[in-house]
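Residue 301 is where the sequence shown starts when you use the numbering used here, and the numbers rise one by one after that. Glycine residues also receive a C-beta, built at the ideal position from the N, C-alpha and C atoms. Nothing here was measured: the structure is a model prediction, and the numbers come from that model.
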Amino acid sequence: MNNNLYLQFLPHFQQKPGKVLIATPEGERYCYQNVLDVSQRIASALLELGVQRGDRVAVQVDKSPQVLMLYLACLQVGAVYLPLNTAYTDAEVEYFLGDAEPRLYVCTPERLEQSRSYALNGSVTHAESLGTSADGTLMERADAAEPTSDVAELDADDLAAILYTSGTTGRSKGAMLSHENLASNSHSLVEAWRFTSDDHLLHALPIFHTHGLFVACNVTLMSGASMTFVPKLDVDTLLDLMPRATVLMGVPTFYTRLLESPRLDREVVANMRLFVSGSAPLLVEAHEQFEARTGHAILERYGMTETNMNTSNPYQGERRPGTVGMPLPGVELRITERENGVELAQGETGMVEVRGPNVFQGYWRMPEKTREEFREDGFFITGDLGRIDEQGYLQIVGRDKDLVISGGYNVYPKEIEQFIDELPGVVESAVIGVAHPDLGEGVTAVVVPEADSSLTEDRVLESLSDKLARYKQPKRAFFVDRLPRNVMGKVQKKEMRDTYADTYLQKEDVKIKS
Ligand code: MLC
Ligand code: AMP
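This is how it looks when you write it as structure tokens:
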């Protein structure tokens, strides 16, 4: 049996060739037949470039319908799709390319020349470009190619994708996701959220992460539905499109920004059947305000790059604010003691652990790291702290891992602290997440300067600008004489989060663009 995920999408392409799969706010419409044709041409181009089953294809391009076609082409030929955040700096990309050793790197036309200089040094044999107007060298190759309908023969645990997640100890880890991981999760979500070919998804998330790529796109492809690709979150565009859509998926910032618009009311959502939130905690107030304004209870779910989606509030039944619902079909979930993995009694708070066909195959070329994060019986240790309430709903109450989630993006403090600590005049630093009304958490640095240092906040912030993606850069930096530590010498980040809790709370003062 061929376990290629592509084959599970294919029937919709064959049965409804004229149906729209992807639209854009500008009125472009790509029907299933168009998408199939172009993706099969891209598949031919990949094969001509020497991409073989198991080869990684790294992709760092702006969102466009053609990116989805490239993703489909990679699945079709059995290549491992490796999407990269467009905000990553050259230095960050160089690391990913060096670690993943892709056969092909696809970047924006603007970046092609420059990236060829570093990408082609190692094992990357080709760099091609893909622009947002169906342009770029990859599309030129695809246009000149004959479409191929050959589909690579794959096992269930063959890799479909590698997604990098930063590590608490510095180096980013590539989470390896198999065809079965992705297929099983999209089936569960289609069923849990009642997706059908009548659905039209408003898609304004980036497509280089689990949420925008696997949750949003795979569910659409698996159910034969349609979607509008909005390049990035723009509240007015979403509200303009909402009367013709049925589902929205977003991170909590989507909902807090929608709530700021006077245009959000029952009339504008009249055609919508479902609003989904995830990737970061949705505030209870946001949930309640949204319901009061629109009559819709946002459905919150919980997932991770390594596990796809684990739990979801029910489609029918109470969607409880402040909870992430129950395990999806096939997902086993338990709450344990961090140190020994012993399961705790219902109602107690502990480590969330999951097992199931959704859970990844391990970290790319990091067997040690992989072993550390699994129990012997196959449960994955998520690093999230939770409790299960009396009705069986999971509440995520905190994180055991040192992680900040800003607007749905993960930021690992260690990575930033390393750069700050290298600055002349710095003794040490700690990076924390502080409550932020727009982003949920704002990345914030606390720095211990040397006694005679003339270091300023601006200098600290500026020093990071070419080293780290913008969303990882602290919004503020504070100076202290020493970091608070416990008797064991461990830095007390909770105490610092309390100290700086009010930093961003005056909404007028908070400009994400600052
Ligand atoms: C953008 N900026 C951010 C930021 N997003 N800063 C901090 N945190 C963020 N999340 C910076 C930009 O670099 C820029 O800086 C300035 O803010 C404005 O950029 P923008 O592009 O105009 O921002 P905006 O479009 O408003 O984006 C905010 C956002 C976006 C929250 C809508 O970040 C977003 O779409 N987030 C979704 C992330 C996501 O998909 N997560 C899922 C991960 S998967 P400057 O200085 O250049 O102007 C996962 C698993 C699961 O977690 O369970 O789903
Ligand atoms: P990522 O590594 O980017 O996939 O982010 C995964 C992390 O996001 C999880 O481990 C959680 O900490 C967090 N997360 C995802 N969904 C939710 C949610 N609904 N509520 C709280 N945290 C969430």
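Handout entry: DSSP state of T611 mapped onto helix, strand, coil
Key = Here residue 611 is taken as the residue at index 311 of the sequence shown, counted from 1. Strand.
Handout entry: Pairwise C-alpha distance: K767 and E392
Key = Here residue 392 corresponds to residue number 92 of the sequence shown, with the count starting at 1. Here residue 767 corresponds to residue number 467 of the sequence shown, with the count starting at 1. Roughly 8 Å between the two C-alpha positions.
Practice task
Please confirm if the stretch 673-682 is in contact with the stretch 549-560, defined as three or more CB-CB distances below 8 Å between the two stretches.
Solution key: no
Problem - Backbone secondary structure at L582 - three-state DSSP - result: Translated into the one-based positions of the sequence shown, residue 582 becomes position 282. Coil, per DSSP.
Handout entry: contact_flag[the stretch 736-750, the stretch 777-786] where n(CB pairs < 8 Å) is 3 or more
Key = Counting Cβ pairs under 8 Å, three or more are found: they touch.
Exercise for the section: Counting only the same chain and skipping the five closest in sequence on each side, list residues whose C-beta sits under 6 Å from that of E453. Expected result: Within the sequence shown, the letter at position 153 stands for residue 453. Excluding residues within five positions, the ones whose Cβ falls inside 6 Å are N302.
Problem - First through last residue of the beta strand (DSSP E) which encompasses T682 - result: For the purposes of this step, residue 682 is taken as residue 382 along the sequence shown, with counting starting at 1. Per DSSP, T682 belongs to the beta strand (DSSP E) from 680-688.
Practice task
Determine the direct distance from the alpha carbon of S417 to that of L582, and round the result to whole angstroms.
Solution key: As a first step, residue 582 must be located in the sequence shown, where it is residue number 282. As a first step, residue 417 must be located in the sequence shown, where it is residue number 117. For L582 and S417, the distance between alpha carbons rounds to 43 Å.
Practice task
With DSSP as the reference, label Y800 as helix, strand or coil.
Solution key: By 1-based counting over the sequence shown, the position of residue 800 is 500. The answer is coil: DSSP assigns Y800 none of H, G, I, E or B.
Handout entry: Beta-carbon gap between V351 and L404 smaller than 8 Å
Key = Position 51 of the sequence shown, counting from 1, holds the residue named residue 351. Position 104 of the sequence shown, counting from 1, holds the residue named residue 404. Cβ distance < 8 Å, so V351 and L404 count as in contact.
Problem - Rounded C-alpha distance that separates L310 from I342 - result: On the sequence shown, position 10 is the one that residue 310 refers to. On the sequence shown, position 42 is the one that residue 342 refers to. If you draw a straight line from the Cα of L310 to the Cα of I342, it comes to about 16 Å.
Practice task
Give the straight-line distance between the Cα atoms of G630 and L438, rounded to the nearest whole angstrom.
Solution key: For the purposes of this step, residue 630 is taken as residue 330 along the sequence shown, with counting starting at 1. For the purposes of this step, residue 438 is taken as residue 138 along the sequence shown, with counting starting at 1. Distance between the alpha carbons of G630 and L438: 39 Å.
Handout entry: Rounded separation between G686 and P737 - CA only
Key = The sequence position of residue 686 within the sequence shown is 386, counting from 1. The sequence position of residue 737 within the sequence shown is 437, counting from 1. Those two C-alpha atoms are separated by around 23 Å.
Practice task
Flag D702 as yes when its Cβ comes closer than 7 Å to any non-hydrogen atom of the ligand AMP, and as no otherwise.
Solution key: Taking the sequence shown and counting its residues from 1, one reaches residue 702 at position 402. The answer is no for D702.
Handout entry: C-alpha distance - P562 paired with R601, whole-angstrom precision
Key = On the sequence shown, position 262 is the one that residue 562 refers to. On the sequence shown, position 301 is the one that residue 601 refers to. Going by the C-alpha atoms only, they are around 27 Å apart.
Handout entry: Near the ligand AMP: S497 beta-carbon under 7 Å from a heavy atom
Key = Locating residue 497 in the sequence shown gives position 197, counting from the first residue. Not so, every heavy atom of the ligand AMP lies at least 7 Å from the Cβ.
Exercise for the section: Specify whether the stretch 521-538 and the stretch 612-619 touch according to this definition: at least 3 beta carbon pairs, one from each stretch, less than 8 Å apart. Expected result: no
Handout entry: 6 Å CB neighbourhood of D684 in its chain, flanking five on each side removed
Key = Along the sequence shown, one-based indexing puts residue 684 at 384. Around D684: V652, I696, R699.
Handout entry: Nearest-angstrom beta carbon gap, V359 and L384 [assumed within contact, 8 Å]
Key = Numbered from 1 along the sequence shown, position 84 holds the residue referred to as residue 384. Numbered from 1 along the sequence shown, position 59 holds the residue referred to as residue 359. Right, the Cβ-Cβ distance comes to about 7 Å (below 8 Å), so this counts as a contact.
Problem - Test item: CB-CB of T605 and M626 under 8 Å - result: What you label residue 605 is simply residue 305 of the sequence shown in a count that begins at 1. What you label residue 626 is simply residue 326 of the sequence shown in a count that begins at 1. Contact flag unset, no.
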